[in-house]
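**Student:** Below you'll find the structure I mean.
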Amino acid sequence: MSASRSKSERRFDVVVIGAGPAGLSFALSLERVGLTVGIVERLELDRIAHPAFDGREIALTDASVDRLRRLGVWSRIPSDEVSPLRVARVLNGGSRQGLNLRHPEGDTLALARLVSNHVIRRALYERFEQARGIELLCGERVSAVRPGPREVQVDLSGGTRLGASLVVAADSRFSETRSAMGISAHIRDFGRTITVFRVECDRPHHGVAYEWFDYGQTIALLPLNGGRYSVVLTLPTDEMRRLLAVDVEQFDREVERRLAPRGRMRRISERFSYPVVTVYPNRFSAARYALIGDAAVGMHPVTAHGFNFGLLGATTLAGLVAAAAVRGKDIGAPDVLDAYERRHRLATLPLYLATNGIVDVYTNEVLPMRFARNAILRIADRAAPLKTALTAFLTRGAPEARRLAEADG
Ligand SMILES: Cc1cc2nc3c(=O)[nH]c(=O)nc-3n(C[C@H](O)[C@H](O)[C@H](O)COP(=O)(O)OP(=O)(O)OC[C@H]3O[C@@H](n4cnc5c(N)ncnc54)[C@H](O)[C@@H]3O)c2cc1C
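Residue numbers (the numbering used here): 12 to 420.
Structure below.
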């Protein structure tokens with residue numbers, strides 16, 4: 012701490028806003044270059060140190076597993092908490108035929124590995140406890156971010172003022188600092204709500220996931236170890252509100268009825284609901300300020316890429332910041348942030364747009380579209396090169412994202 016600063020002023024090289032999975036991953040990525048990082052988090056420490064189950068099962072790509080491994084986080088995730096997703100079966104309406112996606116290099120390999128969000132967060136926090144140079148300031152909200160020519164100031168609700176060369180916002184898709192910094196965003200509210208919960212099923216699932224675009228509802232079934240599925244039910248928001256308002260026995264009967272075509276299932280966990288809102292800002296940076304995680308790209312969960320992109324962005328930005336630090340350059344300089352902006356946009360925009368396009372087609376219920384929905388899946392299932400390209404796109408990202416992933420490997 013500089014001698015000229017009062018007790019309520021602190022100085023870090025980087026201030027991160029938000030100790031969610033993206034913020035913690037980014038901070039850990041900087042440890043190797045010895046930069047000091049202060050993470051501001053509005054929740055109390057206990058909620059970050061002991062994250063509770065929130066219903067989300069995160070399908071991690073191979074690239075994300077590698078990134079977590081290099082951060083020293085993957086080894087902290089117990090192997091029985093990792094469920095392999097071997098086949099993804101995409102179905103439309105009442106049709107039994109659909110699109111089957113498998114790992115391009117063989118059936119024994121997993122397309123993705125499912126890990127509960129709270130387990131990932133717990134492993135990140137445990138790794139943070141061992142890290143040097145990173146400090147967590149919990150129970151504090153950011154009330155203002157003031158960029159200057161050489162430093163950016165961050166005012167906290169408790170009265171402390173932080174100084175840094177760079178502020179990185181990982182404060183969720185509803186980021187308050189993003190709009191306060193004058194960054195506009197394309198925000199799309201789909202008018203739908205997702206409810207997630209776990210079920211036990213009466214038959215083995217063999218690692219097969221279902222994405223079932225039924226008429227009036229979308230149901231994803233994600234295979235978990237121990238013969239369980241995670242159910243991701245998406246309904247128009249008013250219908251979901253009615254379903255959640257009934258008593259739990261009635262809810263369970265209704266859910267069993269909706270899931271019946273896939274087997275007999277019994278709910279075994281609490282339910283959690285999330286609004287379906289996607290966000291893509293017009294810029295990822297402003298003066299001495301950058302966005303990562305959902306604050307940068309708020310994906311629709313249907314292609315399971317939110318945190319995968321969060322990790323990619325954290326790695327990309329950390330790599331550029333570390334390179335500037337090693338060369339003794341200003342880590343918050345415009346050329347560092349411009350390079351991040353270009354790379355992350357190229358890596359994420361194609362899948363962001365494609366995902367919203369898939370949702371538009373597969374929630375369109377007019378009769379010609381119902382036929383088109385079936386036809387697209389059948390054609391895609393039979394055209395091997397198209398299927399391989401689609402699998403690579405969904406599991407490893409757009410070609411540009413793959414090039415970057417290989418470069419940072
Ligand atoms: C149902 C569902 C399924 C999903 N499945 C997948 C999947 O299969 N694969 C995948 O990759 N992703 C998936 N995702 C997305 C994934 O969960 C998110 O991308 C990820 O959790 C976002 O992490 P984050 O750190 O950016 O944001 P968050 O987890 O939202 O964390 C933001 C943090 O910032 C803090 N904060 C906010 N504002 C302030 C402030 N002003 N001051 C201080 N702190 C602040 C918050 O308290 C919070 O701790 C899914 C999401 C949902 C809802």
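Backbone N, C-alpha and C define an ideal beta-carbon position, used for all residues, glycine too.
DSSP has Glu-211 in a bridge; who is on the other side?
**Tutor:** Beta-bridge pairing links Glu-211 to Arg-239 and Arg-277.
**Student:** Is Ile-279 buried or exposed, if buried means 16 or more other CB atoms sit within 10 Å of its CB?
**Tutor:** Classification for Ile-279: exposed.
**Student:** Given 7 angstroms as the limit, tell me if Asp-182 has its C-beta closer than that to any heavy atom belonging to ligand 1.
**Tutor:** The answer is yes for Asp-182.
**Student:** Using a 10 Å radius around the Cβ and a threshold of 16 neighbouring Cβ atoms, would you call Thr-119 buried or exposed?
**Tutor:** Classification of Thr-119: exposed, given that the 10 Å Cβ count is below 16.
**Student:** Under the criterion of a Cβ to heavy atom distance below 7 angstroms, does Gly-169 qualify as lining ligand 1?
**Tutor:** Checking every heavy atom of ligand 1 against the Cβ of Gly-169, none is found closer than 7 angstroms.
**Student:** When we look at the beta-carbon of Gly-238 and count the other beta-carbons within 10 Å, is it buried (16 or more) or exposed?
**Tutor:** Exposed is the call here.
**Student:** Look at the alpha carbon of Arg-22 and the alpha carbon of Ile-50, and state the distance between them as a whole number of angstroms.
**Tutor:** Cα to Cα, the separation comes out at about 12 angstroms.
**Student:** What's the gap between the Cα of Ile-342 and the Cα of Asp-263?
**Tutor:** Near 53 angstroms, if we compare the C-alpha coordinates of Asp-263 and Ile-342.
**Student:** For Val-48, which of Ala-70, Val-25 and Asp-166 has the nearest alpha-carbon?
**Tutor:** Among Ala-70, Val-25 and Asp-166, the Cα nearest to that of Val-48 belongs to Val-25.
**Student:** Nearest-angstrom Cα distance between Ala-298 and Pro-345?
**Tutor:** Each residue's Cα considered, the two are about 7 angstroms apart.
**Student:** Residues in its own chain within less than 6 angstroms of Arg-184 by CB, not counting five upstream and five downstream?
**Tutor:** Around Arg-184: Val-290, Asp-305 and Gly-309.
**Student:** Just verifying my parser: in three-state terms, what is the DSSP assignment at Thr-206?
**Tutor:** Strand, per DSSP.
**Student:** Closer than 7 angstroms to a non-hydrogen atom of ligand 1 - does that hold for the CB of Glu-352?
**Tutor:** Checking every heavy atom of ligand 1 against the Cβ of Glu-352, none is found closer than 7 angstroms.
**Student:** Report back the beta-carbon spacing between Val-332 and His-311 to the nearest angstrom; my notes put them in contact at under 8 angstroms.
**Tutor:** The pair is not a contact, with the Cβ atoms about 29 angstroms apart (cut-off 8 angstroms).
**Student:** Just reading off the beta strand (DSSP E) that Ser-284 is part of, what are its end residues?
**Tutor:** Per DSSP, Ser-284 belongs to the beta strand (DSSP E) from 283 to 292.
**Student:** What did DSSP end up calling Tyr-300 once you bin it into helix, strand or coil?
**Tutor:** Tyr-300: strand per DSSP, three-state reduction.
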